[in-house]
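Below is one structure; the comments refer to it alone.
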Amino acid sequence: MKGTASGPAERSAVVREGFERHRFGWLDALPWLCVVLWFVLAPGYLPLGTQVIVMIIFTLSLDLALGYGGIETLGHAALFGLGAYGAGLYALHVSSEPISGLAAAALAGALAALLTGALILRTRGLTLVMLTLAVATLVAELASTWKSLTGGDDGLTGYQIAPLLGLFGFDLAGRTAYWYAAAALAVLFLVSRWLVNSPFGLTVRGIRDNPVRMRMMGVQVTRRLVMLYAISGAIAGVAGGLTAQVTKLVGLDVLGLGLSANVLIMLIIGGPGRLYGAFLGAAVFVILSDRAAAINPFHWLFALGLVLILVVRFAPSGLLGAAERAVAHALRRRA
Amino acid sequence: MTGHALEVIGVSKSFGALQVSKNLSLSLERGARHAIIGPNGAGKTTFVHLVSGLLRPTKGTIRLDGHDVTAASPERRVAHGLVRTFQISSLFPKLTVAQHVGLALSARYGYDAKPWGELSDRTELMNEAAQILDSVGLLKHAATRVASMAYGLRRLIEVAIALALRPKVLLLDEPAAGLPSGDRAALLELLLRLPRDMAVLVIEHDMSLVFRFAERISVLVEGAILLEGTPADVRSDPRVRTVYLGTRAHG
Chain H
1 MKGTASGPAE RSAVVREGFE RHRFGWLDAL PWLCVVLWFV LAPGYLPLGT QVIVMIIFTL
61 SLDLALGYGG IETLGHAALF GLGAYGAGLY ALHVSSEPIS GLAAAALAGA LAALLTGALI
121 LRTRGLTLVM LTLAVATLVA ELASTWKSLT GGDDGLTGYQ IAPLLGLFGF DLAGRTAYWY
181 AAAALAVLFL VSRWLVNSPF GLTVRGIRDN PVRMRMMGVQ VTRRLVMLYA ISGAIAGVAG
241 GLTAQVTKLV GLDVLGLGLS ANVLIMLIIG GPGRLYGAFL GAAVFVILSD RAAAINPFHW
301 LFALGLVLIL VVRFAPSGLL GAAERAVAHA LRRRA
Chain G
336 MTGHALEVIG VSKSFGALQV SKNLSLSLER GARHAIIGPN GAGKTTFVHL VSGLLRPTKG
396 TIRLDGHDVT AASPERRVAH GLVRTFQISS LFPKLTVAQH VGLALSARYG YDAKPWGELS
456 DRTELMNEAA QILDSVGLLK HAATRVASMA YGLRRLIEVA IALALRPKVL LLDEPAAGLP
516 SGDRAALLEL LLRLPRDMAV LVIEHDMSLV FRFAERISVL VEGAILLEGT PADVRSDPRV
576 RTVYLGTRAH G
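Those sequence lines, one after another, are chains H and G.
If you use this note's numbering, the first sequence corresponds to residues 1 to 335, in order.
If you use this note's numbering, the second sequence corresponds to residues 336 to 586, in order.
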């Protein structure tokens, strides 16, 4: 059985074809174009835009854990919330400088993920869902009880955030906050993209699809998942930290089950395992919630429920998954 | 030194009151070509799980290359040079053939936790992947996703993954299961070309494959080893005829 390709160089080239190559295309500019257009066309809605961006970051963190690593979690808000409290407490007790505050938030999220992940990531499926839920509930209870630290039901307030880089104050219209969040998203998106395309990214996708087979290749599955979960926790922490810094208030809802469920819905709507699904899902969810609540303050959840049902029924791999299929179909018909 | 690549010494396994493996002993020299045969329910799969670490023995010792791995995790055993394949192809449907070999190679090279760069930028890894895929005849399928591949080709991916891990001991769990006869011939040819320094233990139903491949054969019946010997010994043993080959088997 001698090969078809002659030299080793040609053979390697054939093998390279079997790996996805990751180069930026024109489509990669689209989300950033939207960020700029929003700023220009909807200057009155910058706080909403900031909220969209923060939720994209949070959904991105869940996409790494769940979409790429298969870590089923219903407690992701714990990592977001600890990031929020981390940034709030840092501003209150250490420094009002925002970027180091985000680092503190990332650290809080990563440490929480590292500590809990080492305990719970040996399990999978429903057991893991229950354990993540339990961890999140414990954290929320702790925050609610430890009033001297967190302010309990009243929330954590009374801290200031210094101007960004000492130059740009956080204005009432939310212009600084908007660009600050967008910059954080750009950095974290690049980090995530880099990560999922790396050998480690391929490893965690392998673990997601077939953990036993990965163990039989000598991969330390639990350790790799804990590492992924910690990175996801850092990014979720930054999302929480941004919320704390921009709204200057940390309430108990940042740790709630509602938020864990919402971020899952955002990822499902957008489409897991593709990074950009987080962009689309979070944007659709946050904007739709805001508009629907403005139109009908009593029954706005109905619209969201309907979207979720339609997506799950007709686009099980999310809106982005459906779009990818449609494009592939159109290309095949043209060819 | 010509030590043993794999030693299984007095291994037993019980699930509650049910004893599925009884005092099994087996040793493989370096470069051995050994087969385990036995009727359905003889405990062949349990044996594979015990050796590969998915099950822990109730009693006994397992040594890999001189190291006691009786209590070691499957990952540790891979590090000591034991690699197994799966009876029912256990692959990654969404990944391409090249990515399968890439996963195995990156685990062996210690790249599996590397959070930067891309595997396809690693020239030495790509060269080795190409050489492995070429040797199993899968090079032209390098960019094909496994979900769309024929069953016979998937069996070859199992072998390619195993080769990428450079085992000292290769455990093949029914490599020919479900293969049409043409593919079986190709598989046998591939198995006969496996590196000679690798000890190979094959668990298989296909008698013609076993008798052409193995230099020694152990017959497993009801969880215990009935006999071990050369293919000629096994073929001529009357007990084997009755319990396994059936009376209609003639030489």
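For each residue, glycine too, the CB sits at the ideal point set by N, CA and C.
Here the structure is a predicted model, which is why all the values come from computation and not from measurement.
Residue ranges of each alpha helix (DSSP H) within the stretch 192-223 of chain H, 4 or longer
199-209, 211-215
Beta-carbon spacing of residue 246/H, residue 117/H below 7 Å
no
Should the stretch 119-129 of chain H be regarded as contacting the stretch 96-110 of chain H, the criterion being three or more beta carbon pairs within less than 8 Å?
no
Every unbroken alpha helix (DSSP H) within the stretch 225-302 of chain H, with a cutoff of 4 residues, ordered by chain
257-270, 276-295
Please name the residue, chosen from 346/G, 347/G, 370/G, that lies closest to residue 510/G on a Cα-to-Cα basis.
370/G
May I ask you to report which of helix, strand or coil DSSP gives residue 354/G?
strand
Residue 302/G: contacting residues in chain H (beta-carbon distance under 8 Å):
Outside the shown range of chain G (336 to 586) lies residue 302/G, about which nothing can therefore be said.
Which of helix, strand or coil DSSP assigns to residue 24/H:
coil
Under 9 Å (Cβ pairs) to chain H, residues found in the stretch 478-507 of chain G
478, 479, 496, 499, 500
What does residue 227/H reach in chain G if we use C-beta pairs closer than 7 Å?
448
In chain H, what lies closer than 7 Å to residue 454/G by C-beta?
19, 199, 202
Can residue 504/G and residue 417/G be called in contact, C-beta distance under 7 Å?
yes
With a CB to CB cut of under 7 Å and the five nearest residues on each side skipped, what residues in its chain are close to residue 527/G?
548
Just to confirm the assignment, what range does the beta strand (DSSP E) spanning residue 556/G have?
551-556
With a cut-off of 8 Å on the beta carbons, I'd call residue 61/H and residue 160/H a contact; round off their distance for me.
Not a contact, Cβ separation roughly 27 Å.
For the beta strand (DSSP E) containing residue 396/G, name the first residue and the last one.
394-399
Spatial distance of residue 545/G from residue 368/G (CA atoms):
10 Å
Residue 319/H classed as buried or exposed, judged by whether at least 16 other C-beta atoms fall within 10 angstroms
buried
Closest Cα partner of residue 156/H within the set 253/H, 195/H, 166/H
253/H
Whole-angstrom Cβ separation of residue 199/H and residue 441/G, contact assumed at under 8 Å?
5 Å
Nearest to residue 208/H by alpha carbon, out of 214/H, 69/H, 303/H?
69/H
What did DSSP end up calling residue 559/G once you bin it into helix, strand or coil?
strand
What does residue 403/G pair with, by DSSP beta-bridge criteria?
398/G
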